[in-house]
Amino acid sequence: MNTDPLWIAQVALAAFADIAFACTLGAVLMSGWLSKEKAYATISPARMGWTRARRTALGGALALALANLVLLWLQAASMSGAPLVDAGASVWAVATTTHAGIGWTIALAGSVLLVLATASGGPMSTARLAAAALAAIVAAAGKASVGHAADAGAFSAAEVVQTVHLLATAVWGGVVIAGAFAVLPALGTSLARAFLIRIAQRMSAVAVVAVILVLATGIFNALRGLGGAAGVLEESAWGQVLIVKAVLVVTALIFGALNRWSALPRLKRTAATVDAHTVTGVMRVEALVMMAVFVAAAVLSHSVPGFALAG
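In terms of our numbering, the sequence shown opens at residue 199 and continues consecutively.
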């Protein structure tokens, strides 16, 4: 495993950016759902949940934009060989003349568009949801173009699959992380219990679709990464991290299934506070596992893939 400080910084920032991207998408969805239920009204018992969703979406978008800007700077330092503090002189050239730089610039542009889509303090309208969706696609496509999928060429099927994979993973992780730590706790009062149940049901339904896409695109990426040589799973750091990521994904699926098939149905029957806490608690464990998934994904994207090691 690479121990170069610049590599470690790139991996850490990439994981942070992925988590911020996920939180933004998850919070945007929940803000939209709560806006449709008029939770923004002053007298609504779910107003705090709507407020937290809105703030989380904007905070996540700002964090993503900052992370992408720093990643572009780190990319310039890596490609120019200049010290980190002197890499600013190379940023423009890298951003406009290199494939990786252009990709990070596109990702940065997408994150800035996300900031603009989430900046308003009003309800999340259909137009703003559409703008956020477009911005998310741009950000994901930019990042996909600087990863291993870019080896297949610009606008290749591999890049399209990776873009879908990034979006689906962000939606799954986002509704779980933003929901568990920001929105659902704000809907914990008895008066807001009905909102909590409906939002949790919508989160579960969206997560199912996202998981299907994550698994389908993840399997495609894994098979492509292996390059037909299953031995690299054990013989390379890339393969070992891939195994760790797969175990983490399965673990997250188990906790998600526990909520969907046990805790959430019980909450719907009882509407009890203890069952609401159970749903949120299980979701928090799943959220922590999903954060670990994003870290593993960042390590994979900055490691030599199996098909390259296999020749």
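C-beta atoms are modelled at their ideal positions from N, C-alpha and C, and glycine is treated no differently. Note that the structure is predicted; figures quoted are calculated from it, not measured.
Query, Result
"In the segment 395-445, which residue ranges form an unbroken alpha helix (DSSP H) of at least 4 residues, counting only runs that do not cross its ends?", "430-433"
"Pick out whichever of A325, T303 and S318 has its Cα sitting closest to the Cα of V336.", "T303"
"Between G279 and Q273, what straight-line distance do the alpha-carbon atoms span, to the nearest angstrom?", "10 Å"
"Using CA coordinates, which residue listed in T387, G377 and S434 is at the minimum distance from E484?", "G377"
"Tell me whether T295 is buried or exposed, calling it buried when 16 or more other Cβ atoms sit within 10 Å of its Cβ.", "exposed"
"Look up G509 in the DSSP assignment and say whether it is helix, strand or coil.", "Any reading at G509 must be qualified, since the residue scores a pLDDT of 49, below 50, and its modelled position is unreliable; the value itself is stated next. DSSP places G509 in coil when its eight states are reduced to three."
"Let's see if you can read the secondary structure: which residues bound the alpha helix (DSSP H) around E357?", "A355 to A376"
"How is M322 classed by DSSP in three states: helix, strand or coil?", "coil"
"I'd like the ranges of any alpha helix (DSSP H) spanning at least 4 consecutive residues and lying wholly in the segment 456-488.", "462-468"
"On the criterion of 16 or more Cβ atoms from any shown chain inside 10 Å, does H297 qualify as buried, or is it exposed?", "exposed"
"What does the Cβ neighbour count give for I441, buried or exposed, with the cut at 16 atoms within 10 Å?", "exposed"
"Exposed or buried, T468, counting other C-beta atoms within 10 Å across all chains shown (16 or more means buried)?", "exposed"
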